[in-house]
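Engineer:
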Amino acid sequence: MSEPSTFDASADRDQRLADVVAEVTDSICRGEIVDLRSTCQQHPDLADEITRLWGTILVTDVAAGSEDGTSASPSSKRWKSLTLPTIVGDYELIEELGRGGMGVVFRARQISLEREVAIKMILRGRLASEADLNRFLAEASASARLKHPNIVPVYDAGDVEGRPFFSMQLIEGQTLAERVALGVLPQREAASIVASVARAIAVAHENQVLHRDLKPSNILISEDGTPLVTDFGLAKQIGNGEELTRSGMMVGTPAYMSPEQASGRRNLVGPASDVYSLGGVLYYALTGRSPLVADTPMEMVMRVIEQDPTPPRALRPGMDRDLEMIVIRCLQKPIDLRYESAAALAKDLEAYLADERVAARSGRFNQVVARVFRETHHATVLQNWGKLWIWHSMVLLVAGLLTWQLDYRGVTQRSIYVALWTVGLGAWASVFWKLRQRMGPVTFIERQIAHVWGASMVAIAMLFPIEWWLDMPVLTLSPLLGVISAMVFIIKAGMLNGVFYIQAIALLFASFLMALMPPYAHLIFGFVSAACFFVPGFKYSRRRDEENAKSVVTAPVGN
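Take the sequence shown: its position 35, counting from 1, is numbered 119 in our numbering, and each next residue is one higher.
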């Protein structure tokens with residue numbers, strides 16, 4: 085009698101989740117500020133699902149952001165059609181140097197000091213909310229504190245006619261993007277430019293400022309060849325409790341942003357994120373293209389998260405191996421496999437330029453091992469399976485013990501074992517999947533894993549007719565249980581967590597013992613397979629409980 089009401093409750097939950105996601109997506113596309121934490125607090129029972137779907141929601145922001153100019157305000161239209169030269173405050177705007185989605189840069193003359201400067205002004209557009217305008221001034225002030233020969237100096241910041249601006253040194257030259265458009269750089273020149281930029285970024289990090297938007301067009305090459313970093317418009321102050329960007333917002337240029345930026349995991353964004361972008365800039369200078377290429381911003385974001393770049397030497401066969409290793413180390417998706425700081429990257433590039441041994445060569449084996457045995461970004465789905473895997477371990481243990489007892493008592497009727505390992509486990513698989521569906525939306529990666537699990541069950545079921553067809557005694561092929569299960573964990577290791585290779589090795593070893601000791605084969609398989617599921621199940625179940633506890637603590641007490 086209770087099944088219809090349970091189904092209705094589940095359907096209502098799914099509908100509410102769909103409504104929340106639709107509302108948040110529409111708000112982002114309208115340029116409104118959407119805070120992940122506030123959204124989760126408003127819908128505490130849907131917090132886990134909203135958090136898991138947040139990266140997908142952010143992709144909508146990127147796709148919408150590529151369609152500029154569809155809803156410009158009258159004020160923005162007036163500035164876009166501005167007649168130059170004209171005087172604005174203490175500045176005479178002479179000509180427009182460049183324009184982006186949020187601002188415009190002018191060549192200008194500061195009247196009071198009789199000097200030429202570059203003026204950057206923010207324009208009201210899709211993302212230019214009042215909060216964005218306030219953030220623009222705060223970030224301009226932060227960048228003005230940075231003093232380094234390879235950082236474009238900021239002279240002044242303020243507000244003219246309601247529009248924030250800041251003035252900076254006018255650099256006569258070209259951007260790195262314009263320079264590379266003429267042809268890829270010589271290897272040593274590219275290394276020298278990025279080494280200088282890395283030193284500048286290291287100073288920014290020492291002053292608690294992250295750039296977050298390093299790319300070739302934000303690096304100017306002066307007429308004397310000096311590289312200078314500009315456009316700290318997305319800079320963030322490290323350790324500042326007050327966020328200058330909305331929670332979960334993806335900031336940066338997709339082709340050069342780090343995986344943690346692309347997925348909106350702001351808690352992981354740090355100096356290593358700028359190191360990744362510096363690696364992307366070096367990759368571009370050496371090969372003439374960004375590390376990853378895609379047709380749309382949405383596709384680019386997914387590739388940054390999912391795919392590794394083509395090795396630089398595949399695009400430029402004559403490249404020095406040491407320089408390639410430096411690039412590859414910068415572009416590692418796991419944060420701890422990159423250079424620990426921009427200063428460390430600069431030091432390694434300088435070592436390359438001095439024909440000394442580079443640090444990227446050392447510890448390579450350890451890095452490879454560490455990368456193999458680590459979680460992928462899909463591993464968060466395992467929190468949905470934690471308790472289910474604990475139950476699954478119990479089911480496998482019971483199945484193994486029952487089979488061992490039946491075999492020990494001399495039961496040779498094949499249909500009994502078929503019923504246990506096909507009908508019985510098939511029924512449990514159905515229950516498992518229904519329980520998972522009740523926990524919330526099932527992700528694509530979970531469906532892939534479910535298909536792998538289903539394939540393994542088909543393989544196990546086929547062992548019995550094969551034994552019959554070959555006229556083998558029942559349970560002769562039982563050691564293959566360990567082999568089939570090991571293959572499933574190898575796939576899971578590649579998709580979810582490299583630690584699962586350990587489970588695969590344990591199951592392969594168990595299959596060897598099963599072949600050596602047939603009377604105890606299913607007893608061995610029962611305990612080993614149960615442990616392989618119970619250990620990660622307990623781990624991810626605890627992690628889910630801890631995150632739920634944190635969300636309860638941060639939730640408001642009342643409205």
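Where a beta carbon is used, it is the ideal one built from N, C-alpha and C, also for glycine.
Using DSSP bridges, identify the partner residues of Asp432.
Structural biologist: According to DSSP, which records beta bridges pairwise, Asp432 is partnered with nothing at all.
Engineer: If you compare alpha carbons, which of Gln416, Arg373, Ala369 and Asp406 is closest to Glu390?
Structural biologist: Ranking the options by Cα distance to Glu390, first place goes to Gln416.
Engineer: So that I know if they touch, is there some Cβ in chain B lying closer than 8 Å to that of Met382?
Structural biologist: Chain labels in this structure do not include chain B; a single protein chain is all it has.
Engineer: For Arg199, does the three-state DSSP call read helix, strand or coil?
Structural biologist: Residue state, collapsed to three classes: strand.
Engineer: Is the beta carbon of Tyr368 sitting closer than 8 Å to the one on Val264?
Structural biologist: Yes, they are a contact pair.
Engineer: Could you check whether Tyr175 and Ala192 sit closer than 8 Å to each other, using their CB atoms as the reference points?
Structural biologist: It is a contact, given that the beta carbons lie within the stated cut-off.
Engineer: Quick check on DSSP: helix, strand or coil for Val377?
Structural biologist: The answer is coil: DSSP assigns Val377 none of H, G, I, E or B.
Engineer: With a threshold of 16 other CB atoms inside 10 Å of the CB of Arg413, please say whether the residue is buried or exposed.
Structural biologist: So Arg413 ends up on the buried side.
Engineer: Taking Cβ to Cβ, would you say Leu352 is nearer than 8 Å to Leu298?
Structural biologist: It is not a contact, given that the beta carbons lie outside the stated cut-off.
Engineer: Here's the rule I'm using: 16 or more other beta-carbon atoms within 10 Å means buried, otherwise exposed. How should Trp552 be labelled?
Structural biologist: Counting Cβ neighbours within 10 Å, Trp552 comes out exposed, since fewer than 16 surround it.
Engineer: Check whether the region 612 to 620 and the region 475 to 482 are in contact - that is, three or more C-beta pairs closer than 8 Å.
Structural biologist: The region 612 to 620 vs the region 475 to 482: in contact.
Engineer: With DSSP run on the structure shown, which of helix, strand or coil describes Gly484?
Structural biologist: Helix, per DSSP.
Engineer: Quick check on the burial criterion: 16 or more other C-beta atoms within 10 angstroms. Buried or exposed for Asp145?
Structural biologist: Residue placement at Asp145 is flagged as unreliable, the pLDDT there being 47, under the threshold of 50; a coordinate-derived value is accordingly withheld.
Engineer: Spatial neighbours of Leu592 within its chain, please: C-beta separation below 6 Å, excluding the five flanking residues on both sides.
Structural biologist: Counting only Cβ-Cβ distances below 6 Å, and skipping sequence neighbours, we find Ala570.
Engineer: Return the chain-ordered ranges of every alpha helix (DSSP H) run that is complete within the region 460 to 546 and spans a minimum of 4 residues.
Structural biologist: Runs of the alpha helix (DSSP H) inside the region 460 to 546: 466 to 492, 498 to 502 and 509 to 522.
Engineer: Which word fits Gly364, buried or exposed, when buried means at least 16 other C-beta atoms lie within 10 angstroms of its C-beta?
Structural biologist: It counts as buried.
Engineer: The alpha helix (DSSP H) with Glu179 in it runs from where to where?
Structural biologist: Per DSSP, Glu179 belongs to no alpha helix (DSSP H); it is in the beta strand (DSSP E), Tyr175 to Arg183.
Engineer: Would the region 230 to 239 count as touching the region 273 to 289 if we require 3 or more Cβ pairs under 8 Å?
Structural biologist: Touching, per the Cβ criterion.
Engineer: By DSSP, does Ser306 sit in helix, in strand, or in coil?
Structural biologist: If DSSP states are grouped into helix, strand and coil, Ser306 belongs with the strands.
Engineer: Return the CA-CA distance between Val465 and Pro395, expressed in angstroms with no decimal places.
Structural biologist: Roughly 30 Å between the two C-alpha positions.
Engineer: Determine the direct distance from the alpha carbon of Ala356 to that of Ala398, and round the result to whole angstroms.
Structural biologist: Roughly 25 Å separates the two Cα atoms.
Engineer: In angstroms, rounded to a whole number, what distance separates the CA positions of Asp439 and Val278?
Structural biologist: The alpha-carbon atoms of Asp439 and Val278 are separated by roughly 17 Å.
Engineer: Between Ser595 and Pro557, how many whole angstroms is the CB-CB distance? I'm expecting something under 8 Å.
Structural biologist: Contact flag wrong, Cβ pair sits at about 18 Å.
Engineer: Take the Cβ of Ile305 as the centre, count every other Cβ of all protein chains shown within 10 Å, and call the residue buried at 16 or more, exposed below.
Structural biologist: Buried is the call here.
Engineer: When you compare the CB positions of Phe548 and Arg626, do they come within less than 8 Å of one another, or not?
Structural biologist: Against a cut-off of 8 Å, the Cβ pair of Arg626 and Phe548 comes out as no contact.
Engineer: Work out the CA separation of Asp392 and Val453 for me, nearest whole Å.
Structural biologist: Approximately 17 Å, taken between the alpha carbons.
Engineer: Between which two residues does the alpha helix (DSSP H) holding Phe249 run?
Structural biologist: Premise fails: Phe249 lies in the beta strand (DSSP E), Arg247 to Gln253, not in any alpha helix (DSSP H).
Engineer: Can you grab the Cα-Cα spacing for the pair Ala644 / Thr527, in whole Å?
Structural biologist: This structure cannot speak to residue 644, because the chain is shown only from 85 to 643.
Engineer: For His606 versus Asp491, is the C-beta spacing smaller than 8 Å?
Structural biologist: Yes, Cβ-Cβ distance for His606 and Asp491 is below 8 Å.
Engineer: Please work out which residues of its chain come closer than 6 Å, Cβ to Cβ, to Val456, disregarding the five sequence neighbours upstream and downstream, and give them in chain order.
Structural biologist: So the list reads Gly582, once near-sequence residues are dropped.
Engineer: Contact defined as beta carbons within less than 8 Å: I believe Glu198 pairs with Phe190. What is the distance between those atoms, to the nearest angstrom?
Structural biologist: At roughly 17 Å, the Cβ-Cβ gap does not stay under 8 Å, so Glu198 and Phe190 are not in contact.
Engineer: Give me the Cα-Cα distance between Asp243 and Glu290, rounded to the nearest whole angstrom.
Structural biologist: Their backbone Cα atoms lie some 28 Å apart in a straight line.
Engineer: On the criterion of 16 or more Cβ atoms from any shown chain inside 10 Å, does Gln489 qualify as buried, or is it exposed?
Structural biologist: Flag for Gln489 reads exposed.
Engineer: Could you give the distance in angstroms between the alpha-carbon of Ala274 and the alpha-carbon of Tyr436?
Structural biologist: Those two C-alpha atoms are separated by around 12 Å.
Engineer: Kindly indicate which three-state DSSP category Asp103 falls into: helix, strand or coil?
Structural biologist: If DSSP states are grouped into helix, strand and coil, Asp103 belongs with the helices.
Engineer: Taking Val238 as part of the beta strand (DSSP E), name the residues at either end of that continuous run.
Structural biologist: Its beta strand (DSSP E) spans residues Val238 to Val244.
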